[in-house]
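This report refers to the structure that appears directly beneath it.
2 protein chains.
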Amino acid sequence: MAGPAFFFQRQAGTIPVPIMGKGQATRTAISPTRAENYAEWYQQVVRAADLAELSPVRGCMVIKPWGYALWENMQRVLDGMFKETGHTNAYFPLFIPLRYLEREAEHVEGFAKECAVVTHHRLEAGPDGRLVPAGELDEPYVVRPTSETIIGETYAKWVQSYRDLPILINQWANVVRWELRPRLFLRTAEFLWQEGHTVHATAEEALQETLHMLGVYVEFAERYMAMPVLRGEKSAGERFPGAVNTYTIEAMMQDRKALQAGTSHFLGQNFAKACDISFSDRNGALVHAWTTSWGVSTRLVGGLIMTHGDDDGAVLPPRLAPHQVVILPIYKDAGQRAAVIGACEALKRELTQATYAGEPLRVAVDDRDLRGGEKNWHHVKRGVPIRVEIGPRDLAAGAVSVARRDRPARERESLARERFTAEAPAVLGRIQDGLLDRARAFRDAHTERVGDLQAFEEYFRDEAGSGFAVAPMAADAERDAAFQELLKRLKVSPRCILSTAGAAGDGAPPDRTCAFTGAGGAADTVFARAY
Amino acid sequence: MAGPAFFFQRQAGTIPVPIMGKGQATRTAISPTRAENYAEWYQQVVRAADLAELSPVRGCMVIKPWGYALWENMQRVLDGMFKETGHTNAYFPLFIPLRYLEREAEHVEGFAKECAVVTHHRLEAGPDGRLVPAGELDEPYVVRPTSETIIGETYAKWVQSYRDLPILINQWANVVRWELRPRLFLRTAEFLWQEGHTVHATAEEALQETLHMLGVYVEFAERYMAMPVLRGEKSAGERFPGAVNTYTIEAMMQDRKALQAGTSHFLGQNFAKACDISFSDRNGALVHAWTTSWGVSTRLVGGLIMTHGDDDGAVLPPRLAPHQVVILPIYKDAGQRAAVIGACEALKRELTQATYAGEPLRVAVDDRDLRGGEKNWHHVKRGVPIRVEIGPRDLAAGAVSVARRDRPARERESLARERFTAEAPAVLGRIQDGLLDRARAFRDAHTERVGDLQAFEEYFRDEAGSGFAVAPMAADAERDAAFQELLKRLKVSPRCILSTAGAAGDGAPPDRTCAFTGAGGAADTVFARAY
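Have a look at this one:
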C-alpha cells in the first residue's frame, strides 16, 4: 500500500502529460484505452462514470445524476459570472414561427437542414384506432435551434429609446438541432445551454460586450474546467449564420483534435434589421440597434472528460466535481461497522467545515453495501478528486488512507488524520492547478508553427502526429477552391484567427504572407481536425 | 409624510384581510382594481410588475427578468428541499415517441387533445420558394406534456434488482400542453416546472414518498410563498391521468377561487407495468415496481401574485423577493447627487452584511435617471418588501424614509438610519409572517361547512359570495349524473378530500352522509370554483 509520499506534492512536477502510449503495465478500468481507440474510450468513460446515455429518442441523451450534477456546477459558476457582469436571466418560447426564422437569410439557411418542426397540436384516433397527428397548424413552428429571431421579435417591442439600452439578458434553455450521428454531450439533437442576447446603442459597445463575454468563457474554461483554450476570431467560412464576427474559444482534446467550447457573436445590425429593433437616439433620430449573442452548452461536459480523463475513467477538476472528497468505510463485520462509519461521518463533518475556492468542501460518505474494491473503482471511474479509505486499522492508528485521482489509481498513502484534514483544501487546489498545467503542456507540445503549404500538408498527413498548426491565412483564402479542397481532403478546418481577439498568439501583427494563396495581409490562424 | 409609527409593527395586527371593497379613497396604480375586475387586474399586475408578457407564439409567454428572478428563487429553495430529502437532478429528452405515450391508456387519453406534435426534421424550399417542412419522421414525436412514459422507459433499463431501488430523481424542464386560452403563468402552452419521478420496491414506500413530497410542497407554499394551502386527496374524477391517487395542495386566491398549486401522484404499478419497470426482489422473484411523480410549475408565480397582490401591484414575500430592500436616492442636482448616492451605496453595503432567513439581505440601489415618484411607483408595482428613500435632508438628519409594501403605498416613516439597519431583517420577518396570517385569515373567513345539497347550491349561487365549501362527498358521487350536472352548472369542482392526507380538515372521520347522493361513508371534501 505505502507508496512514495506523493499526496501533498504539486502534481505537475511528478506526472508529465497524459500517458497515451500503448503497452501499459497494469489493467485499466476503461477498455479500450485512449491510445487504442479514443472515440470508443470516450463513450466508455461517459458510460462508466454514469454521466449520460443515449435515449430511445433518436439523437437525444439522458443526462444521468452524476453528469447533471457536473452541469449544475458549471451552470452555477457561469450564472454567477453573468450576473456579476450585469446580466439577468429571462425565458423565451421554445417554439419559433417559421416566418421569423426566415427573416435573416443566412441564419435560416444555416439551420434549415436540422430543424424539428411542429405541425400539429393534438392526437386523434386514426383509421386503425392508433393515434395520429391532428389539428394542423396554420403555420409550422420550429423547435428553437437558437433564439436570435424569437428574442429579437420581443426586444423590438421593448426597445424604443436609447434609455432602454443596453439590454443584457441570458437564457438557460434546451435547444434542438437534428443530428443523425449523435455523440454524447458533443453532438446531440437536444442539448442544454445558455444563450446571452444583448442589445446596444453603438457598434463599439456591442463589440466590447462580445469580447468581454468571450473573456468570461476563457476564465471559466481555464479557472474552473482547468481546460486551457485559445481565443480568437472565426474565419468567414466558420461564422455563426447571420453574425458579422464570431469569436471562439478552442481547446485541444487528448487525441489532439480541437473542440469549439464556446462562441460569442457580434451580430452587427443584421438581426436588429431583420427583427426591426430600432430606437430614438439622443438626437431623436430613429436608428437600428446593435446586438450580440453568446453561448456555451452541455458540450463542455464532453470537453472536460476528453481533456482530463484517463484510462481509468473521468478525472474531474475539484472546482466542478460534485463531490471533491469521497470517504469509503472499510469493515468486515457488523462489529467493526458502527465504529468505522462513525469515524467516516465525523471526518465528513470536519471536512465540510473547511472551504475550498470560497465554498464548503463537497464530501460524501459511500456506505453502500458493496465490496471495497468495487466501491473504490466506482469513484475512480467517476473522477472524484480525493478518495479516502478508513478501516479498523486506520482507526486504531489515527490515520486515513488517501488517493488522488490525478495520480495512478493504485497509488495510496497513509496519513495522520489531522494532517489530511488540515491540508485537504490545499491539495484540492494543487490538483486543480496541476490539471490545467498538464493540459496546457500537452497542448503546447502539440502545437506547431507551419510556414507553407507543403509543411501544412506534411503536418496533417499522419493523424496520430498532428495537433494544432498555426499558419498565416489571408482573409479571403477560404474562397480559394484548391485550398477548400485541401482542407476537405485533410479533414482539417481553420479553428480561429489568433491575432484579433487580444489574448493569444505570439503577438505578430496580422500582416504575413498567406501560406495557402500567397496573398499579403494574412493573419496567424490555428488549424486542426475538430469535433 | 409622517404617518403613525408603523414600520416596526407586526403587520397582521394593523391591517385586516385584503381590501376588496369598492370606492377606495385614493387612486391606485393598477386599473381596474381587484374589486372591479379581478381577472383583468391580474393581467395588469403581471404587466405593471414586469413579470411576463404574451409572446408572438400562440399560448406561450416571455418570462421577463423580474418574473424569472422570482422563479429562480423558488427553484433554488425547492431544489434545496428536494436534495435534502435525498433526491438528485437529471435530464430526460424533450420528445416522446408516440408509441410510448400510448402505453398507458388513461394517460394518453388525458393528454392527446393538447399535444404539440413534431412530424418533420428539416425545412426545404417549397414551390413558391418559401420554406416548408421536409424529412417526415417515421414516427411522430410529442413534445413532453409530462415525462412519466419517457422516464419510465429509461428506468426500466436502470432497475434490475431491489438493490437498485429506490430511484429518487427530479427534473427541471419545460413542458408543453397546447392551450388556446392562455393566462400568463396560470395556463400557458409552454411552462417551466419540476417533475419528480421515483421508483420503489413496495407500495407503502411509494405512498410514503408521495405524501412526503406533498408535505414539502405545503412547507414551501406556506413558509416561503406565505400562501396557506389545504392538502388532500383528489377525488377520482380529478386525478392525474394514469395515477392511482393524486394528492394536491389548494390555495385560495383573493377572488376566492381555488388554485391547484402542486400535485403528488401515487402511480401504483400502472406506469411500471406500462414501461416494464420490474426487479428481482430479495427472494429472487421478478416483480413490478411502484412509482410516484410530483410537480410544481411557474403557475406558482401566478398564485403568489393573486394571493398577496393589491390594487397597487405585486406584493412579494421577503423570502422569495429578488430584492428585499430597494434604496432610492433623491436629489435635485449634481451637487447633491454624489453625497446621496454615496450614502445609498454605504447603506446597501451595511444591509448586505446582515442576514434574513440565513442569507445575506438582497438589496438594490436604483440610481436610474428617473423622477423620484416614478421610480418609487416602479418598485411599489414590482412588490419590493421595503423601500428606502434617502435625500439631502435625511442625510443631514442621519435618517432614512422607509415604506413597507404590505402597508398602503403612500405610508412612509422617517427613522434613524441605525435603527433601520439594525431592525431591517426582523421587519422582513414580520412582513413575511404577516402576509401568511393575512392570507390565512382571508381563506378561513371564506370557507364554510355546507351540510346538504340545498345549502351547497345556495352557497355557490352568487359568485361574489362564494369561496371554499366543505361538504361530505361519497367516493362514487362523481358518477352521479345529476351531481355532475349541478357542478357543471355552478362551475364548481371538488378540489380535495380533506381527511385523507393527514394534516387538514376538522379531524372528522370519513364516514358522513354524502350531501349529494345520500350514500354513507362520505368524506369531507372542499369544493370551489377554480383556476
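The listed protein sequences derive, respectively, from chains A and B. Take the first sequence: its position 531, counting from 1, is numbered 531 in this note's numbering, and each next residue is one higher. For this note's numbering, add 531 to where a residue sits in the second sequence, where the first one is 1. C-beta: ideal position from N, C-alpha, C; glycine also.
Query raised in the report: What residues in the stretch 320 to 352 of chain A bring their beta carbon closer than 8 Å to a beta carbon of chain B?
Result: none
Query raised in the report: Under three-state DSSP, which class holds ALA1059 of chain B?
Result: strand
Requested in this report: Decide if GLY763 of chain B is buried, meaning its Cβ has at least 16 other Cβ atoms within 10 Å, or exposed.
Outcome: buried
**Report entry** alpha helix (DSSP H) segments (min. 4 residues) lying fully within the stretch 31 to 62 of chain A
**Finding:** 38 to 48
Report task. Mind checking who MET473 of chain A pairs with in its DSSP beta bridge? Result -> A:ALA523
Query - is_contact[VAL363 of chain A, chain B] using C-beta, thresh 7 Å - result: no
**Report entry** TRP178 of chain A at chain B interface by Cβ criterion, 7 Å
**Finding:** yes
Query raised in the report: With respect to the alpha helix (DSSP H) encompassing LEU959 of chain B, which residues constitute its N-terminal and C-terminal limits?
Result: 948 to 976
Report task. Could I get the ranges of all uninterrupted alpha helix (DSSP H) runs contained in the stretch 199 to 230 of chain A, with 4 residues as the minimum, in chain order? Result -> 203 to 219
Query raised in the report: Can you tell me the Cα-Cα spacing of GLY889 of chain B and GLY960 of chain B, whole angstroms?
Result: 12 Å
Query raised in the report: Quick one, which residues of the stretch 670 to 686 of chain B are near chain A if we go by CB-CB under 8 Å, in chain order?
Result: PRO671, TYR672, VAL673, VAL674, ILE681, GLU684, THR685
Requested in this report: Give the straight-line distance between the Cα atoms of ALA12 of chain A and TYR224 of chain A, rounded to the nearest whole angstrom.
Outcome: Confidence at ALA12 of chain A is low in this model, with a pLDDT of 46, below 50, so its placement is unreliable and the value that follows should be read with caution. Approximately 17 Å between the Cα atoms of the pair.
Query raised in the report: Would GLN791 of chain B be called buried (16 or more neighbouring beta carbons within 10 Å of its own) or exposed?
Result: buried
Requested in this report: Take MET612 of chain B and list the residues in its own chain whose beta-carbon comes closer than 6 Å to its own, dropping the five residues that flank it on each side.
Outcome: VAL747
Query raised in the report: Secondary structure at ALA621 of chain B, three-state DSSP: helix, strand or coil?
Result: coil
Query raised in the report: How about PHE642 of chain B and VAL57 of chain A: do their beta carbons lie closer than 7 Å?
Result: no
Query raised in the report: What does DSSP give as the partner residues of VAL827 of chain B in its beta bridges?
Result: B:GLN725
Query raised in the report: Any residues in the stretch 439 to 467 of chain A with a beta carbon nearer than 8 Å to a beta carbon of chain B? Which ones, in chain order?
Result: none
Requested in this report: Along the alpha helix (DSSP H) that carries MET81 of chain A, what are the first and last residues, could you check?
Outcome: 65 to 84
Query raised in the report: Between GLY268 of chain A and the rest of its own chain, which residues show a CB-CB distance below 6 Å, the 5 nearest in sequence each way excluded?
Result: VAL244
Query raised in the report: So who's on the other strand from ARG495 of chain A, going by DSSP bridges?
Result: Note: ARG495 of chain A sits in no beta bridge, so no partner.
Query raised in the report: Going along chain A, which residues have a C-beta under 9 Å from ARG813 of chain B?
Result: Per Cβ cutoff of 9 Å: no residues; ARG813 of chain B is ~13 Å from chain A at best.
Query raised in the report: Quick one: which chain A residues come within Cβ less than 7 Å of LEU723 of chain B?
Result: TYR91
**Report entry** Assumed close pair PRO494 of chain A, GLU238 of chain A - CB separation to whole angstroms, cut-off 8 Å
**Finding:** 6 Å
Requested in this report: For ALA399 of chain A, write down the residues that DSSP places opposite it in a beta bridge.
Outcome: A:ALA416
Query raised in the report: By the criterion of Cβ-Cβ separation under 7 Å, what are the contact partners of GLU205 of chain A in chain B?
Result: Result: empty, since nearest Cβ-Cβ is about 18 Å, beyond 7 Å.
Query raised in the report: When you compare only the Cα positions, how much space is there between GLU655 of chain B and ALA647 of chain B?
Result: 21 Å
Report task. Hey, could you find the ends of the beta strand (DSSP E) VAL919 of chain B is sitting in? Result -> 917 to 921
Query raised in the report: What is the rounded straight-line gap between the Cα of GLY302 of chain A and the Cα of ASN73 of chain A?
Result: 14 Å
Query raised in the report: List, in order along the chain, the chain A residues whose C-beta lies closer than 8 Å to that of GLU942 of chain B?
Result: Neighbours of GLU942 of chain B on chain A: none; closest Cβ ~30 Å, over 8 Å.
Query - Where ARG1043 of chain B falls: helix, strand or coil (DSSP) - result: strand
Requested in this report: Report all residues from its chain with a CB closer than 6 Å to the CB of GLY922 of chain B; omit the five preceding and five following residues, and keep chain order.
Outcome: ILE861
**Report entry** Assigned secondary structure, GLY776 of chain B (DSSP; H/G/I helix, E/B strand, else coil)
**Finding:** Going by the sequence as given, residue 776 of chain B is Asn instead of Gly. Strand at ASN776 of chain B.
Query raised in the report: CB TYR531 of chain A to CB LEU186 of chain A, shorter than 7 Å?
Result: yes
Query raised in the report: Using a Cβ-Cβ distance under 7 Å, would ARG913 of chain B count as near chain A?
Result: no
Query raised in the report: Looking at the structure shown, is TRP821 of chain B part of a helix, part of a strand, or coil, going by DSSP?
Result: strand
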